[in-house]
Amino acid sequence: MRRSGGFIAGVLVYIGAVIALLPVLWLLRTAFEGTGGPLVKMPTLWPTTPTLANFSAVFTPEVMGKLVNSIIVTIGATLLALAAGFPAAYALARGGWPRQLDKLFLGAVLLLKLTPPIALAIPLYQVLRLFGLLDTLLGLIIVYQVYALPFAIWMLLGFVRDIPISYEEAAVLDGAKLGKRLSTVVLPIMAPGVAATAIFLVILSWNEFLYALLFIQSPSNFTLPTYIATLITEDQTYWGPLAAIGLVASLPVLALVGVVQKSMTRGFAGGLK
Amino acid sequence: MQLSSRSLFLLAAPALILFGVLALYPLGRNLLLSFFETDYGLEGAVFIGLDNYTRLLGDYFFNRALVNTVVFTVVSTLAEVGLGLMLALLVNRAIVGKRLVMPVLVLPYVLSTMVVTAIWRAWFNYENGFLNVSLKFLGLPGVEWLTDRNLAMWSLIGVDVWQTVPVAFLVLLAGLQSIPEETNEAARIDGAGPLRMLLTITLPLLWPHLLLATLLRCVESFKIFDKAFALTGGGPGNATSTLSMFVHQLGFRFFDIGRASAASIIMVVIAGALASVYAWQIMRSGDET
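Just so you know, the protein sequences line up as chains A and B, in that order. Numbering of the first sequence is given in my numbering, commencing with residue 1 and proceeding in unit increments. Numbering of the second sequence is given in my numbering, commencing with residue 1001 and proceeding in unit increments.
And the structure:
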């Protein structure tokens, strides 16, 4: 239904798009800007002296080490959240819980999802120290479940509920046990949902900052966000190399979001929609 | 088709164990330690009852952080939902190049928060940041975006709004698209103008989505730590210190674990109050579908 206000609406939307895009274009420009140091003479969006030199700051053993750390923690946290979250979501969706324990469980999931992560940080520090996991990537993978697990359960719960129960009943009549039912009926139908959930978990873990800051002390174990934070809070920041690192740190997420564009709303609403 | 108690338990066990270790134990320990004066655990701790709580409520820095956090949460949530609603209403009409513009509108949210903070720290730089250089280019004086006590909070809010408008936008756009076209059509035939349609049809039907977007943003904004940490460090003075930063400082810099635990518990109580509204709304909208 096209109506006369369409033109003005279009202009307003494009103004919004420019505001969204401008800082990102600046990042792109600065990554290829050759004047070096913190100096910017003119507010240009095009590099005055284009160069690839800033990217040589990315391909150093130091930055590559952080990149590898980020990848390890992200994959580990995502797999752990799916492995623990999927069976829990299935159990919650298919019911049979005594005395409303499922409601209690869901309430606990929600509470954890909404609790500010800093409010758990001090006891978590003690837990990690107790198990000798302070300053380790494995420790980070485990504490990231504070964010990842409630998210995984909520989102997967919706996908399990979407599966008609009759499919599974048919499998039961054929004599399939629970494990077989999950692997041959439930998981194949849910594969797109699991993939979308995994991608959101990847984004979540890739960007996490607080726990990486608190529980990792050795610079060699830093992830990309904590490394970038140390670069920005220095007195003299070299924006060229920083922009190049920022660009490289953003690319995996940008690529993944392209893949899940359709289920984006579901994910951003925290799987609650 | 119900599951046996044994399979239920086995399926839920990994998640339950993680919950126990990552949520229940920490919350319990925080609650316990909040009644003690201690620099780490229970050894050598002195029981002081509610002193940590009463001292916090009279503490200038705590109150400052509390007020800052509330201001940040309320203002950024209202701005994000308001702008998100405007964008969703506009995009929901026929727009030229919608497919092209959608990814651009969502772009700020998919950048890593630390990268976003880096960009804006560079833009806000007084000497040669993009904003002040642009102002100088136009012959205008520079602005102390991050160093002016009264302005720093607004700069921080601005960055958060820039980054997270897409969340409200996407939730509300999905809501708008779920309103059947026939409803609008019927109203139009009855002679309703655009404003009347917005107020009497669109907004009431969109209400659950508006509430969801608002609660979602409230809960997230209340946690604010990383942007404030890397953009202003809580300064100038305490102008942008937040509750998360306050707990971080007390616990990890000053090792006043008793008081940090009490502050954590206060944060959980506030988040819990928001959570109960949120839970109530989800249960309700869950019943409808």
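All residues carry an ideal CB built from backbone N, CA and C; glycine is no exception. Small disclaimer: the values here were computed from a predicted structure and weren't measured.
*Answer with buried or exposed for B/Gln1163, where buried requires no fewer than 16 other C-beta atoms within 10 angstroms of its C-beta.*
With 16 or more other Cβ atoms within 10 Å, it is buried.
*6 Å CB neighbourhood of A/Glu33 in its chain, flanking five on each side removed*: Contacts found: Pro47 and Gly240.
*Would you call the CB atoms of A/Ala249 and B/Val1115 closer than 8 Å?*
In this structure, A/Ala249 sits near B/Val1115, with a CB-CB distance shorter than 8 Å.
*chain A partners of B/Pro1226, CB-CB under 7 Å?*
Checking the sequence shown, residue 1226 of chain B turns out to be Asp, not Pro. Near B/Asp1226 (Cβ distances below 7 Å), the residues of chain A are Phe209 and Leu210.
*Curious, which full-length alpha helix (DSSP H) runs of at least 4 residues does the stretch 1174-1242 of chain B contain?*
Whole alpha helix (DSSP H) segments, 4+ residues: 1181-1189, 1194-1197, 1203-1222 and 1226-1231.
*When you compare each of B/Ile1119, B/Arg1259 and B/Gly1272 to A/Ile228 by their alpha carbons, which one comes out closest?*
Looking at the Cα atoms, B/Ile1119 is the closest of the given residues.
*Compare the C-beta of A/Ala196 with all C-beta atoms of chain B and state if any pair is closer than 8 Å.*
A/Ala196 does not count as touching chain B.
*Identify which residue in B/Val1106, B/Thr1147, B/Thr1200 and B/Leu1111 has its Cα closest to the Cα of B/Tyr1126.*
Per the C-alpha coordinates, the member of B/Val1106, B/Thr1147, B/Thr1200 and B/Leu1111 positioned closest to B/Tyr1126 is B/Thr1147.
*By Cβ distance, which residues of its chain are closer than 8 Å to B/Met1197, with the 5 residues on each side in sequence left out?*
In chain order, Asn1184, Ala1187 and Arg1188 place their CB closer than 8 Å to the CB of B/Met1197, counting only its own chain and leaving out the 5 sequence neighbours on each side.
*Give the range of the alpha helix (DSSP H) segment to which B/Thr1077 is assigned.*
Looking at the DSSP string, the run of the alpha helix (DSSP H) that includes B/Thr1077 is Tyr1060 to Val1091.
*Nearest residue (CA-CA) to B/Asp1051, options B/Trp1145, B/Glu1037, B/Arg1064 and B/Leu1111*: Put simply, of B/Trp1145, B/Glu1037, B/Arg1064 and B/Leu1111 the residue whose alpha carbon is nearest the alpha carbon of B/Asp1051 is B/Glu1037.
*Contact set for B/Ile1265: own chain, Cβ-Cβ below 7 Å, skip 5 residues either direction*: Excluding positions up to five away in sequence, the list reads Asn1030, Leu1031 and Ser1034.
*Residues in its own chain within less than 8 Å of A/Pro38 by CB, not counting five upstream and five downstream?*
Its pLDDT being 49, under 50, A/Pro38 is placed unreliably in this model, and the coordinates cannot settle the point.
*chain B within 8 Å of A/Trp46, Cβ atoms only*: Taking 8 Å as the CB threshold, A/Trp46 stays off the interface with chain B.
*Between which two residues does the alpha helix (DSSP H) harbouring A/Val58 extend?*
Secondary structure note for A/Val58: it is in no alpha helix (DSSP H), with a DSSP letter that is neither H nor E.
*Check the Cβ-Cβ distances between B/Ala1122 and every residue of chain A, and say whether any is below 8 Å.*
Yes - at least one Cβ of chain A is within 8 Å of the one on B/Ala1122.
_Just checking: is the beta-carbon of A/Glu234 within a distance shorter than 8 Å of some beta-carbon in chain B?_
Contacts with chain B at 8 Å (Cβ-Cβ) do not include A/Glu234.
_Quick check for students: name the residue ranges of the alpha helix (DSSP H) that lie wholly in the stretch 152-196 of chain A, counting only runs of 4 or more._
Note on the stretch 152-196 of chain A: whole alpha helix (DSSP H) runs with a minimum of 4 residues are 165-173 and 178-181, in chain order.
_Neighbourhood of A/Phe159 by C-beta, 7 Å cutoff - its chain only, sequence neighbours within 5 removed_ = Here the set comprises Met190 and Gly193.
*Listing by chain order, which chain A residues have their CB less than 8 Å from the CB of B/Ala1262?*
Residues of chain A passing the Cβ test: none, with the nearest at roughly 11 Å.
*Secondary structure at B/Val1046, three-state DSSP: helix, strand or coil?*
Correct three-state label for B/Val1046: strand.
*State yes or no: is the beta carbon of A/Gly16 nearer than 8 Å to at least one beta carbon in chain B?*
Interface residue, yes.
_Out of A/Ile8, A/Phe151, A/Ala244 and A/Leu28, which one is the CA nearest neighbour of A/Ala77?_
A/Phe151 is the residue among A/Ile8, A/Phe151, A/Ala244 and A/Leu28 whose C-alpha sits nearest the C-alpha of A/Ala77.
*What are the boundary residues of the alpha helix (DSSP H) that includes A/Leu135?*
In the sequence under discussion, the amino acid at residue 135 of chain A is Asp, which differs from the Leu named in the question. A/Asp135 -> no alpha helix (DSSP H), and no H or E assigned at all.
_chain A residues whose Cβ lies nearer than 7 Å to that of B/Met1267_ = Here the neighbours are Pro116 and Ala119.
*Let me know the secondary structure DSSP gives A/Phe222 once reduced to three states.*
DSSP places A/Phe222 outside both helix and strand once states are collapsed to three, so it counts as coil.
*Look at the Cβ atom of B/Thr1069, then the Cβ atom of B/Leu1250, and state whether they are nearer than 8 Å.*
Taking the C-beta atoms as reference points, B/Leu1250 is found no nearer than 8 Å to B/Thr1069.
*Keeping to the same chain, check which residues put their C-beta closer than 7 Å to that of A/Gly132; ignore five residues upstream and five downstream.*
Excluding positions up to five away in sequence, the list is empty.
*Report, in whole angstroms, the separation of the C-beta atoms of B/Gly1237 and B/Arg1149, which I expect to be a contact under 8 Å.*
Contact holds; Cβ gap of about 6 Å.
*asked:* Just list the residues that DSSP pairs A/Glu33 with in beta bridges.
replied: According to DSSP, which records beta bridges pairwise, A/Glu33 is partnered with A/Pro50.
*Would B/Ala1273 count as contacting chain A if we go by Cβ distances under 8 Å?*
Closer than 8 Å: no.
_Quick check for students: name the residue ranges of the alpha helix (DSSP H) that lie wholly in the stretch 107-136 of chain A, counting only runs of 4 or more._
Runs of the alpha helix (DSSP H) inside the stretch 107-136 of chain A: 118-130.
*Beta-carbon separation (whole angstroms), A/Ile216 vs A/Leu140, contact threshold 8 Å*: The beta-carbon distance between A/Ile216 and A/Leu140, rounded to whole angstroms, is 7 Å. This is short enough to meet the 8 Å contact definition.
*Terminal residues of the continuous alpha helix (DSSP H) containing B/Leu1032?*
From DSSP, the alpha helix (DSSP H) with B/Leu1032 extends over Tyr1025 to Leu1033.
*When the Cα atoms are used, what is the spatial distance from B/Arg1143 to B/Asn1132?*
As written in the sequence, residue 1143 of chain B is Val, which differs from the Arg given in the question. Here the alpha carbons of B/Asn1132 and B/Val1143 stand approximately 6 Å from one another.
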